[in-house]
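The structure under discussion appears below in the form of structure tokens.
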Amino acid sequence: MGKLAARLPHFPVSLRFAWLNLLRNGRRSLLSILIIAIAVFALTSAGGFGLYTYESLKESTARGTGHLTLSQPGYFTRDEDMPLSNGLDNSQALIKQIITDDAIRSIQPRIYLSGLVSNGSKSTIFMGTGVNDREFDMKGPFLDIRAGQSLSDVTSSRYDPAEPQVMLGVDLARNLKVDVGDWVTLLATTSDGALNAFDFNIRGIYSTGVPELDKRQLYIHITSAQELLASDKVSTLSVFLFETAQTNTVHQRIAQQLHQRLNTSEPLSNALEKSSDQLSQLIEITPWQDRAFFYNKVKDLYDRIFGIMGTVMGLVVFVALFNTMTMTVTERTREIGTLSALGSYPSEIVRGFLCEAGLLALIGSMLGAVSNALMCVFLLFVDVQMPPPPGRSEGYPLNIYFSFELVAFTTIGVMLICLMAAFFSARKGVNKPITEALIYV
346 MGKLAARLPH FPVSLRFAWL NLLRNGRRSL LSILIIAIAV FALTSAGGFG LYTYESLKES
406 TARGTGHLTL SQPGYFTRDE DMPLSNGLDN SQALIKQIIT DDAIRSIQPR IYLSGLVSNG
466 SKSTIFMGTG VNDREFDMKG PFLDIRAGQS LSDVTSSRYD PAEPQVMLGV DLARNLKVDV
526 GDWVTLLATT SDGALNAFDF NIRGIYSTGV PELDKRQLYI HITSAQELLA SDKVSTLSVF
586 LFETAQTNTV HQRIAQQLHQ RLNTSEPLSN ALEKSSDQLS QLIEITPWQD RAFFYNKVKD
646 LYDRIFGIMG TVMGLVVFVA LFNTMTMTVT ERTREIGTLS ALGSYPSEIV RGFLCEAGLL
706 ALIGSMLGAV SNALMCVFLL FVDVQMPPPP GRSEGYPLNI YFSFELVAFT TIGVMLICLM
766 AAFFSARKGV NKPITEALIY V
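This is how it looks when you write it as structure tokens:
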């Protein structure tokens, strides 16, 4: 502790000498600082864009599928022989059991169905989803309604059971040449294998942003879907949380409630009617990550792009600082020889160059971080649109997240690179014999 206390007072002096040495060739030092600042700005801006993309894709996926999906085991890996043959029976009992969790915002039943939709003269294939009206509250800003409104609440006095409602994808409505207020007929196979058809009034027209989905997709009330398929089952239960970060925690809590396995072959409906503590693991819990194929692919792609970009930027900074410090050491060879002749240790001389490099890295990183913060604020007020990604029809606003953690990691990385460049440059200079260094021209 005594040695450490003795060295601490000299630390500000070392920084002062480092600053004065940088000022000896201000133009070169300024150029090095600008190179570091540009590298930090590029890395933090690219990383901030990646964080914004990850967060947007995460929220859109979680709001689309639900943070957790409850279904029969293997529902997403095997085909159904008949509609809802792999569906959940007596889903309300399951909802009542797990809705008590404070982290759960809502649990929405869904029915997935397909068939033919017709305007009377033209028919085409549809992929439908039976949902409650609250489903659209869960989607929030990720639901793009182009015309009309979302499905109304079936418990509302304004809802007419004689006029069941449907929402069509924008391209599906265009192909059928129908608009809000028109009628279409949905034809589907029931759970018993028979054909059934109902007329639906078009309540709204929406877009998913994916042309292939907009050509086929539609929404109807889950009660209408059950009537059309002649079944009281549901395909899945989508669990929506208040915070996406709580997904794993809530997953574990729900799994603990369903940990007991019934040693019986009776149907799930009978098991649910027994008691909540006897509910078995006949139910599969799927987190949103397992269904977020687009999110996972984009994240893997961006991680590799940013990794390569970070490596290239690191090499640029290393080469620039190595060149700067090599020139500095070369110009100060006689000074190094004089310090050595006066009794300075090589480690002390190298430490001085390391202080200069660290100061350059710190100033450049601060300028890069400030530039990144200003860019983030600028994009909040200026609407810059990105082009549509592959497979989509609409662009999206460009935003960059400012992350203190990302800035800290970038600063540490740049600092290490600069110190390494300074060490290799200074080590060669201090290893010269004193007599040779003193007569160096």
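Last residue of the sequence shown: 786 in the working numbering, with the numbers rising by one and none dropped.
The beta carbon of each residue, even a glycine, is placed where N, CA and C say it ideally should be.
Note that the structure is a prediction, hence the values are computed from the model and not measured.
Identity of the residues DSSP links to residue i by a beta bridge
i, result
"residue 416", "629"
"residue 542", "532"
"residue 455", "581"
"residue 685", "Bridge partners of residue 685: none, in fact."
"residue 476", "566"
"residue 552", "489"
"residue 547", "511"
Cutoff 7 Å; reference residue i; Cβ partners in own chain excluding five residues on either side
i, result
"residue 391", "651, 654"
"residue 601", "none"
"residue 549", "490, 492, 493, 494, 495, 512, 525"
"residue 544", "528, 530"
"residue 695", "768, 771, 772, 775"
"residue 357", "none"
Simplified DSSP state of residue i, which is helix, strand or coil
i, result
"residue 448", "coil"
"residue 421", "coil"
"residue 462", "strand"
"residue 483", "helix"
"residue 586", "strand"
"residue 648", "helix"
"residue 362", "helix"
"residue 660", "helix"
"residue 742", "strand"
"residue 731", "strand"
"residue 469", "strand"
"residue 433", "strand"
"residue 441", "helix"
"residue 574", "helix"
"residue 559", "helix"
"residue 522", "coil"
"residue 506", "coil"
"residue 368", "helix"
"residue 428", "coil"
"residue 679", "helix"
"residue 496", "coil"
"residue 357", "helix"
Unbroken alpha helix (DSSP H) run spanning residue i, endpoints
i, result
"residue 598", "592–602"
"residue 755", "749–775"
"residue 565", "Here residue 565 belongs to no alpha helix (DSSP H); instead the beta strand (DSSP E) covers 562–566."
"residue 634", "No alpha helix (DSSP H) contains residue 634, which DSSP labels as neither H nor E."
"residue 722", "691–726"
"residue 801", "A question about residue 801 goes unanswered here, because the residues of the chain that appear run from 346 up to 786."
Same chain only: Cβ atoms within 6 Å of residue i, ignoring 5 sequence neighbours per side
i, result
"residue 609", "Low confidence applies to residue 609: its pLDDT is 39, below 50, so where it sits in the model is not reliable enough to give any reading."
"residue 348", "With a pLDDT of 48 at residue 348, under the threshold of 50, the modelled position of that residue is not reliable, and the figure given next carries that caveat. Taken in chain order, the list of residues that qualify is empty."
"residue 796", "Given a span of 346 to 786 for the chain in the structure shown, any question on residue 796 remains unanswerable."
"residue 640", "402, 406"
"residue 581", "414, 416, 455"
"residue 463", "530"
"residue 779", "682, 685, 686"
"residue 535", "541, 574, 575"
Where the beta strand (DSSP E) through residue i begins and ends
i, result
"residue 492", "489–493"
"residue 512", "510–514"
Interface flag, residue i vs chain C, CB-CB below 9 Å
i, result
"residue 412", "Absence of chain C from the displayed structure is noted, only one protein chain being present."
Cβ neighbours of residue i in the same chain (closer than 8 Å, five flanking residues each side left out)
i, result
"residue 776", "691"
"residue 515", "491, 550, 551, 552, 559"
"residue 400", "746"
"residue 471", "459, 460, 461, 462, 517, 531, 561, 562, 563"
### Task
Specify whether the region 418–425 and the region 587–603 touch according to this definition: at least 3 beta carbon pairs, one from each stretch, less than 8 Å apart.
no
### Task
Report yes or no: do three or more beta-carbon pairs, one from the region 407–422 and one from the region 477–485, lie closer than 8 Å?
yes
#### Entry: Three-pair Cβ contact test at 8 Å for the region 699–713 versus the region 362–382
yes
### Query
For the region 717–730 against the region 668–679, are there 3 or more C-beta pairs whose distance is under 8 Å?
no
### Task
Check whether the region 436–450 touches the region 679–693, taking contact to mean three or more Cβ pairs, one atom from each stretch, closer than 8 Å.
no
### Query
Is the region 686–702 touching the region 361–376 in the sense that three or more CB pairs, one from each, lie closer than 8 Å?
yes
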